[in-house]
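Quick notes on the structure that follows.
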Amino acid sequence: MIPDVSKALSWLEANPTVLNGICRGIERETLRVTPDGHLAKTEHPKSLGASLTHKWITTDFAESLLEFITPVDSNIDRTISFLKDLHTYTTRHLDNEKMWPLSMPCFIDEEENITLAQYGTSNVGRFKTLYREGLKNRYGALMQTISGVHYNFSLPMSFWQAWLGIKDAETGKEQISDGYFRLIRNYYRFGWVIPYLFGASPAICSSFLRGRNSTLSFEETEKGTCYLPYATSLRMSDLGYTNKSQSDLNITFNHLHTYVEGLKKAIHKPSEDFAAIGIKKEDKYLQLNTNVLQIENELYAPIRPKRVTKEGESPSDALLRGGIEYIEVRSLDINPFSPIGVDETQIRFLDLFLIWCVLAEAPEMGSEELECCRGNWNKVILEGRKPGLSIGLGYGVEQQPLKIVGQELFRDLERVAEVLDTCSGTQYQSVCKELVNMFEDPSLTFSARVLDKMKSQGIAGFGLELANQYHNELIEEHYSILNDENFSVERETSIARQHDLEQQDKMSFEEYLKLHAGC
Numbered sequence: 001m002i003p004d005v006s007k008a009l010s011w012l013e014a015n016p017t018v019l020n021g022i023c024r025g026i027e028r029e030t031l032r033v034t035p036d037g038h039l040a041k042t043e044h045p046k047s048l049g050a051s052l053t054h055k056w057i058t059t060d061f062a063e064s065l066l067e068f069i070t071p072v073d074s075n076i077d078r079t080i081s082f083l084k085d086l087h088t089y090t091t092r093h094l095d096n097e098k099m100w101p102l103s104m105p106c107f108i109d110e111e112e113n114i115t116l117a118q119y120g121t122s123n124v125g126r127f128k129t130l131y132r133e134g135l136k137n138r139y140g141a142l143m144q145t146i147s148g149v150h151y152n153f154s155l156p157m158s159f160w161q162a163w164l165g166i167k168d169a170e171t172g173k174e175q176i177s178d179g180y181f182r183l184i185r186n187y188y189r190f191g192w193v194i195p196y197l198f199g200a201s202p203a204i205c206s207s208f209l210r211g212r213n214s215t216l217s218f219e220e221t222e223k224g225t226c227y228l229p230y231a232t233s234l235r236m237s238d239l240g241y242t243n244k245s246q247s248d249l250n251i252t253f254n255h256l257h258t259y260v261e262g263l264k265k266a267i268h269k270p271s272e273d274f275a276a277i278g279i280k281k282e283d284k285y286l287q288l289n290t291n292v293l294q295i296e297n298e299l300y301a302p303i304r305p306k307r308v309t310k311e312g313e314s315p316s317d318a319l320l321r322g323g324i325e326y327i328e329v330r331s332l333d334i335n336p337f338s339p340i341g342v343d344e345t346q347i348r349f350l351d352l353f354l355i356w357c358v359l360a361e362a363p364e365m366g367s368e369e370l371e372c373c374r375g376n377w378n379k380v381i382l383e384g385r386k387p388g389l390s391i392g393l394g395y396g397v398e399q400q401p402l403k404i405v406g407q408e409l410f411r412d413l414e415r416v417a418e419v420l421d422t423c424s425g426t427q428y429q430s431v432c433k434e435l436v437n438m439f440e441d442p443s444l445t446f447s448a449r450v451l452d453k454m455k456s457q458g459i460a461g462f463g464l465e466l467a468n469q470y471h472n473e474l475i476e477e478h479y480s481i482l483n484d485e486n487f488s489v490e491r492e493t494s495i496a497r498q499h500d501l502e503q504q505d506k507m508s509f510e511e512y513l514k515l516h517a518g519c
């Protein structure tokens with residue numbers, strides 16, 4: 001069924017302290033909306049600071065698409081409290097607007113009404129906006145307004161030293177990177193469990209399909225909600241941010257150098273489709289370049305190996321310099337049952353699962369098996385709650401009932417939970433007991449609970465009810481970690497940072513593009 005992890009789990013049980021110091025960070029996206037549930041057309045609130053340079057509150061694709069970023073921390077309660085403080089402060093500075101509590105966007109009448117995120121007049125700011133212009137022209141703006149939660153995770157050095165027998169991060173960077181790639185391969189093989197448990201986008205507003213061709217057999221309610229009866233996360237489907245031209249890039253996750261080599265090739269690989277768009281029309285730039293990827297971040301992936309970059313350094317060059325520092329999980333839908341889009345149960349589950357992914361054997365994965373794994377993900381995304389659903393467990397391996405595989409996985413996760421709870425009660429074990437029931441009873445999953453609400457209230461009704469409820473809750477919250485002075489200082493500092501960047505530019509934007517985008 002699943003890899004035999006008993007030997008590795010026994011090692012972990014004998015060395016529980018190696019997991020002390022797991023580090024985490026959260027990035028949560030959310031659209032600003034009007035009181036009637038339409039996309040806000042206002043600019044990023046000045047009271048929040050400069051989105052280009054603010055450490056905690058920025059924007060993603062659109063000017064109305066907020067993104068909250070927590071600092072790296074080893075304490076779950078602090079991370080959750082920090083994220084809540086960011087939401088509380090922002091809620092108090094949105095005037096009459098609210099934060100949309102769902103992954104799939106609110107009602108958007110015309111894509112032209114989606115304003116790209118604006119980052120000022122510096123070369124780096126204009127570059128970021130032009131990259132988004134390219135995304136809009138390549139895939140459409142509506143798709144880019146889909147929101148999610150990214151979870152950043154790293155294991156402590158003590159784990160790698162004990163597990164791999166290395167001395168330190170510098171001399172052991174190759175082995176640590178291999179360890180994280182092992183995690184990533186198992187994530188591709190078994191990560192479908194995340195949309196199964198936490199997928200919360202089984203339906204979309206009919207306006208989202210306007211002008212789009214879809215082969216999916218949607219059912220539609222009287223209130224204009226289109227849904228698939230057993231879907232879990234349409235955000236992760238072809239309706240979401242995918243790039244079909246990436247399917248033949250042959251980027252694998254076996255070794256650091258081959259991964260980076262594949263990524264760099266993709267950045268320089270010409271695309272006939274994107275060449276047809278052109279780089280410039282009259283005086284207006286349309287995209288950074290006409291390659292399959294404008295920049296590395298355009299690579300669609302449910303998980304990414306990461307390292308903090310130095311100034312002027314690309315993500316892949318950072319990986320080559322220091323190896324993988326942490327991984328970014330990108331397959332979490334917004335949790336509609338939390339005012340901050342994610343909760344402690346999800347964080348603890350991801351800890352358990354990612355640790356299991358490191359410990360379990362993970363044979364190298366070729367492009368054929370990777371495609372097979374993507375097929376499993378797609379099956380769970382579109383019909384994960386379907387009775388009797390089976391999935392493959394490897395290329396050429398006989399399919400197995402999803403329920404049985406999930407229950408077997410949780411037997412291992414319970415042993416990891418006991419180790420993590422050694423010094424802190426039974427919180428991780430409680431998470432296991434709660435979530436494993438979702439395999440026996442799919443009606444307990446996020447997607448089933450959300451779909452019931454969406455079918456009865458419509459997406460707009462359900463989303464607005466939650467948006468108003470969370471607005472009222474957050475505006476009354478007391479800060480736990482930050483305070484108004486912290487926010488005021490960061491707001492003013494971010495504005496000063498952006499101003500400095502704009503004053504420091506020594507070259508024209510055209511020269512900057514030649515240097516950074518191959519224009």
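Residue numbers (full-length UniProt numbering): 1 to 519. Beta carbons: idealized from backbone N, C-alpha and C, even for Gly.
Which of helix, strand or coil DSSP assigns to residue i
| i | result |
| --- | --- |
| residue 403 | helix |
| residue 88 | helix |
| residue 26 | strand |
| residue 489 | helix |
| residue 106 | coil |
| residue 1 | coil |
| residue 507 | coil |
| residue 150 | strand |
| residue 74 | coil |
| residue 96 | coil |
| residue 337 | coil |
| residue 329 | strand |
| residue 117 | coil |
Buried versus exposed, by CB contacts within 10 Å (16 or more), residue i
| i | result |
| --- | --- |
| residue 460 | buried |
| residue 484 | exposed |
| residue 357 | buried |
| residue 128 | buried |
| residue 515 | exposed |
| residue 331 | buried |
| residue 144 | buried |
| residue 141 | buried |
| residue 179 | buried |
| residue 177 | buried |
| residue 517 | buried |
| residue 7 | exposed |
| residue 423 | exposed |
| residue 321 | exposed |
| residue 472 | exposed |
| residue 70 | buried |
Proximal residues to residue i (C-beta, below 8 Å), its chain only, five neighbours per side dropped
| i | result |
| --- | --- |
| residue 280 | 286 |
| residue 84 | 339, 340, 474, 477 and 480 |
| residue 502 | 120, 121, 122 and 125 |
| residue 133 | 116, 285, 286 and 287 |
| residue 467 | 33, 37, 98, 99, 100 and 101 |
Residues of its chain near residue i, where Cβ-Cβ distance is below 7 Å and the 5 sequence neighbours each way are ignored
| i | result |
| --- | --- |
| residue 333 | 103, 148, 198, 199, 200, 201, 233 and 235 |
| residue 183 | 327, 354, 357 and 358 |
| residue 314 | 296 |
| residue 495 | 49 and 50 |
| residue 40 | 32, 33, 34, 64 and 97 |
| residue 209 | 226 |
| residue 336 | 101, 102, 200, 450 and 466 |
Presumed contact (8 Å Cβ cut-off) between residue i and residue j, rounded CB distance
| i | j | result |
| --- | --- | --- |
| residue 296 | residue 316 | 6 Å |
| residue 458 | residue 224 | 7 Å |
| residue 350 | residue 231 | Going by Cβ atoms, the distance from residue 350 to residue 231 rounds to 22 Å, so no, they are not a contact pair. |
| residue 5 | residue 412 | 5 Å |
| residue 76 | residue 344 | 6 Å |
| residue 45 | residue 86 | At roughly 13 Å, the Cβ-Cβ gap does not stay under 8 Å, so residue 45 and residue 86 are not in contact. |
| residue 403 | residue 439 | 5 Å |
| residue 1 | residue 405 | 6 Å |
| residue 391 | residue 376 | 5 Å |
| residue 256 | residue 323 | 7 Å |
| residue 308 | residue 318 | 7 Å |
Neighbourhood of residue i by C-beta distance below 6 Å, restricted to the same chain and skipping five residues each side
| i | result |
| --- | --- |
| residue 512 | 123 |
| residue 3 | 360 and 361 |
| residue 497 | 53 |
| residue 9 | 415 |
| residue 429 | 417 and 421 |
| residue 88 | 474 and 477 |
Checklist entry - Do three or more CB pairs link the region 208-217 to the region 185-194 at distances below 8 Å? => result no
Next on the checklist: Using 8 Å as the cut-off, can you tell me whether the region 103-116 makes contact with the region 48-67, which would need three or more C-beta pairs spanning the two stretches below that distance?
Outcome noted: yes
Next on the checklist: With three or more C-beta pairs closer than 8 Å as the rule, is the region 164-171 touching the region 26-46?
Outcome noted: no
Checklist entry - How about the region 290-297 and the region 267-279: do they share at least three Cβ pairs that are nearer than 8 Å? => result yes
Next on the checklist: Could you check whether the region 142-156 touches the region 8-28, counting it as contact only if at least three pairs of C-beta atoms, one from each stretch, sit closer than 8 Å?
Outcome noted: yes
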